[in-house]
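Below: one structure, written as structure tokens.
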Amino acid sequence: MSGLYEGIVQDLIDELAKLPGVGPKGASRIAFHLLHSDHHDVERLAQVLSEVRDKARFCTECFNVSEDDICRICSDERRDRTSLCVVEDPKDVLAIERTREFRGLYHVLGGAIDPLDGIGPDDLTISQLIARLADHTITEVILATNPNMVGEATSTYLSRQILPLGIEVTRLASGLPVGGDLEYADDATLSRAFAGRCRVGSSHANN
Ligand SMILES: [Zn+2]
């Protein structure tokens, strides 16, 4: 597809348009914004863009984005190590941290089980999650996957894996916008969903 503009400006628009949620219109808006921006700001952006793939890593414990082997949340001694909140993406960690409702640890799955998209349990960090539960330090797992079909299916799958271990499993209360993404819920709604979380099934492992 040939663009409206010449050379490097069109190249920039084409690259920006590949980003999620931008589209051709947004891409040209950003491109022309950059063309008129302060030289240092643009240089800083270019520098961060070129370094992000090399520098950003994932926490080896929770798989959140991290600059070190262990992220800031996992290495924070004040966090409650008996409570683990399972989310799909690092942006969900941010959304929940914003509510200040949760003081435990996280586990980032890296997506949701979605057979139509070819994503199975082995494509996510589910085996690492089960391994984290092995020493029984964690007594509650809060399933905070997105309130849409694949998120619900992932939660159901996880609760079937975790309940037999004798660990309490809870799910965020309803009230979250159904079909949406956790990150788009406002803080108050997400706070309420967290506070009102309810138990999933029951565990018979100790009976
Ligand atoms: Zn971590």
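The working numbering numbers the first residue of the sequence shown as 56 and each following residue consecutively. C-beta: ideal position from N, C-alpha, C; glycine also.
Is the shortest distance between the beta-carbon of D172 and the beta-carbons of chain C less than 9 Å? Note that chain C does not occur in the displayed structure, where there is just one protein chain.
I'd like to confirm something about C117: is its beta-carbon nearer than 8 Å to some heavy atom of ligand 2, or not? Ligand 2 is not among the ligands present in this structure, which contains only ligand 1.
In whole angstroms, what is the alpha-carbon distance linking E70 and C253? 44 Å
Is the beta carbon of L149 sitting closer than 9 Å to the one on G166? no
Does the count of Cβ pairs from the stretch 241–251 and the stretch 219–229 closer than 8 Å reach three? yes
Own chain partners of S83 with C-beta closer than 6 Å, once the 5 adjacent residues on each side are dropped: I68
Alpha-carbon to alpha-carbon, V97 and V107: 15 Å
Using alpha carbons as the reference points, say which of V103, V163, P145 and G76 lies closest to S182. V163
Whose C-beta lies closer than 6 Å to the C-beta of S121 among residues of the same chain, with five residues either side of it excluded? R112 and C114
Contact test: S138 Cβ vs ligand 1 heavy atom, cutoff 8 Å: no
Going by the DSSP bridge assignment, what does T154 pair with across the sheet? None, per the DSSP bridge assignment.
I174 (DSSP reduced to helix, strand or coil): strand
At which residues does the beta strand (DSSP E) containing Y161 begin and terminate? L160 to V163
Which residues bound the beta strand (DSSP E) around I197? E195 to L198
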